[in-house]
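Visitor:
Numbering (full-length UniProt numbering), first residue to last: 1 to 303.
1) Could you tell me whether the segment 53-69 touches the segment 2-15, using the rule of 3 or more Cβ pairs below 8 Å?
2) Kindly indicate which three-state DSSP category residue 27 falls into: helix, strand or coil?
3) Please identify the residue among 271, 220, 11, 280 whose C-alpha is closest to the C-alpha of residue 212.
4) Across which residues does DSSP place residue 70 in a beta bridge pair?
5) Please classify residue 167 as buried or exposed, where buried requires at least 16 neighbouring CB atoms within 10 angstroms.
6) Let me know the secondary structure DSSP gives residue 297 once reduced to three states.
7) Could you tell me which of 262, 265, 197 sits nearest to residue 148, measuring between CA atoms?
8) From 243, 31, 63, 51, pick the residue whose C-alpha is nearest to that of residue 297; which is it?
9) DSSP state of residue 6, grouped into three classes?
10) Applying the 10 Å Cβ sphere with the 16-neighbour rule, what's the burial state of residue 257?
11) Just verifying my parser: in three-state terms, what is the DSSP assignment at residue 220?
12) Measure the alpha-carbon distance for residue 260 versus residue 226 and round it to whole angstroms.
13) Residue 151 to residue 144, Cα distance in whole Å?
14) Report the rounded CA-to-CA distance for residue 14 versus residue 207, giving the unit in angstroms.
15) CA-CA distance, residue 265 and residue 245?
16) Helix, strand or coil for residue 322? Go by DSSP, reduced to three states.
17) Pairing CB atoms from the segment 229-236 with CB atoms from the segment 182-197, are three or more of them under 8 Å?
18) Relative to the C-alpha of residue 255, which candidate in 223, 240, 290, 278 has its C-alpha closest?
19) List the whole-angstrom C-beta distance separating residue 63 from residue 20, where the pair is believed to meet the contact cut-off of C-beta under 8 Å.
20) If I measure Cβ to Cβ from residue 172 and keep anything under 6 Å in the same chain, skipping five residues before and after, which residues do I get?
21) What does the alpha-carbon distance come out to for the pair residue 269 and residue 214?
22) Specify the secondary structure class of residue 310 as computed by DSSP and reduced to three states.
23) Near residue 161, what residues of its chain come up, given a Cβ to Cβ distance below 8 Å and the 5 sequence neighbours on each side ignored?
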């Protein structure tokens with residue numbers, strides 16, 4: 001039902017629905033058949049029927065949910081080297097009087113601490129980047145930490161919403177602590193909390209935006225040139241010009257001995273530059289379409 005509702009509203013961008021189907025195909029089968037997923041679909045379908053102009057926003061929300069529940073391959077953990085047990089003996093076997101968290105502390109050492117340093121006892125749930133990492137044997141975080149960070153995100157989201165609804169005057173715009181600057185600081189904190197939350201949940205921090213998707217380039221008949229151009233255009237905030245493309249083509253020709261003539265490389269660089277520019281511009285436009293909007297203008301209907 002959701003796809004049928006969206007089909008008539010996304011005719012200008014026919015690539016949206018195939019992308020949504022691919023996200024659904026890569027999601028966990030248990031989640032796709034759960035009541036939670038059906039409730040999310042029902043809510044999005046009801047909102048779509050009420051506000052058809054926000055179809056791309058609702059599709060992006062569904063893609064984000066499916067991205068968070070996508071199947072991921074876990075890399076097998078390698079066994080420790082043979083000499084690791086000799087270099088770092090266990091505190092219970094070699095040092096019976098010391099704590100297991102400090103295997104290197106001898107019971108006869110006068111400088112050794114009598115108890116583990118209280119580095120995380122003051123605020124174990126604080127979303128600080130300088131917090132010590134958890135033990136390698138127990139990845140992820142506790143439910144209490146995850147619940148604390150989720151509540152903190154909701155508090156920051158409410159504060160950002162309040163700042164956006166605040167009436168401004170000229171003095172606020174000239175202030176060093178204007179609502180715009182406060183909102184920017186809160187959003188930066190939310191991003192740090194979100195990354196920390198993804199670490200604790202052991203999930204990807206990708207949000208499903210179009211800008212995060214990798215562009216596959218196959219514009220030339222030389223795989224060596226295609227690989228170098230693909231690495232160039234997938235760099236963060238990359239929008240290469242003609243000279244950047246020509247430099248990559250020359251480097252690929254020299255490194256792999258392609259023997260391309262100078263005139264041929266210039267013509268190839270022009271074609272590649274046009275194709276790359278169109279694809280990057282289209283990706284930025286789609287990202288703007290998916291993410292444009294505000295709760296302040298949702299109820300606005302131009303006469």
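From the three backbone atoms N, C-alpha and C, an ideal C-beta is built for every residue, glycine too.
Guide: In brief:
1) yes
2) As a first step, residue 27 must be located in the chain shown, where it is residue number 27. Three-state result, residue 27: strand.
3) Taking the chain shown and counting its residues from 1, one reaches residue 212 at position 212. Residue 212 has its Cα closest to that of 280, out of 271, 220, 11, 280.
4) Translated into positions along the chain shown, residue 70 becomes position 70. Answer by DSSP bridge pairing, in chain order: 27.
5) Your numbering for residue 167 matches position 167 in the chain shown. Classification of residue 167: exposed, given that the 10 Å Cβ count is below 16.
6) Here residue 297 is taken as the residue at index 297 of the chain shown, counted from 1. Reduced to three states, the DSSP call for residue 297 is coil.
7) Looking up residue 148 in the chain shown gives position 148. Answer by Cα proximity: 197.
8) Sequence index remark: in the chain shown, residue 297 carries index 297 (1-based). Residue 51 is the option with its Cα nearest to residue 297.
9) For the purposes of this step, residue 6 is taken as residue 6 along the chain shown, with counting starting at 1. Three-state result, residue 6: helix.
10) Residue numbering aside, residue 257 sits at position 257 when the chain shown is read from its first letter. Residue 257 comes out exposed.
11) The sequence position of residue 220 within the chain shown is 220, counting from 1. Three-state DSSP puts residue 220 in coil, outside helix and strand.
12) Position 260 of the chain shown holds residue 260. Position 226 of the chain shown holds residue 226. The straight-line gap from Cα to Cα measures roughly 14 Å.
13) In the chain shown, residue 151 corresponds to position 151, counting from 1. In the chain shown, residue 144 corresponds to position 144, counting from 1. Roughly 11 Å between the two C-alpha positions.
14) The residue you call residue 14 lines up with position 14 of the chain shown. The residue you call residue 207 lines up with position 207 of the chain shown. Residue 14 and residue 207: Cα-Cα distance of roughly 22 Å.
15) What you label residue 265 is simply residue 265 of the chain shown in a count that begins at 1. What you label residue 245 is simply residue 245 of the chain shown in a count that begins at 1. About 10 Å.
16) Outside the shown range of the chain (1 to 303) lies residue 322, about which nothing can therefore be said.
17) no
18) Taking the chain shown and counting its residues from 1, one reaches residue 255 at position 255. The residue with the shortest Cα to Cα distance from residue 255 is 223.
19) Residue mapping note: residue 63 aligns to position 63 of the chain shown, counting from 1. Residue mapping note: residue 20 aligns to position 20 of the chain shown, counting from 1. Right, the Cβ-Cβ distance comes to about 6 Å (below 8 Å), so this counts as a contact.
20) Within the chain shown, residue 172 is the residue found at index 172, counting from 1. Once the five neighbours on either side are set aside, the close Cβ partners of residue 172 are 178.
21) Counting from 1 along the chain shown, the entry for residue 269 is found at position 269. Counting from 1 along the chain shown, the entry for residue 214 is found at position 214. The alpha-carbon atoms of residue 269 and residue 214 are separated by roughly 21 Å.
22) Given a span of 1 to 303 for the chain in the structure shown, any question on residue 310 remains unanswerable.
23) Within the chain shown, the letter at position 161 stands for residue 161. Cβ within range, chain order: 295.
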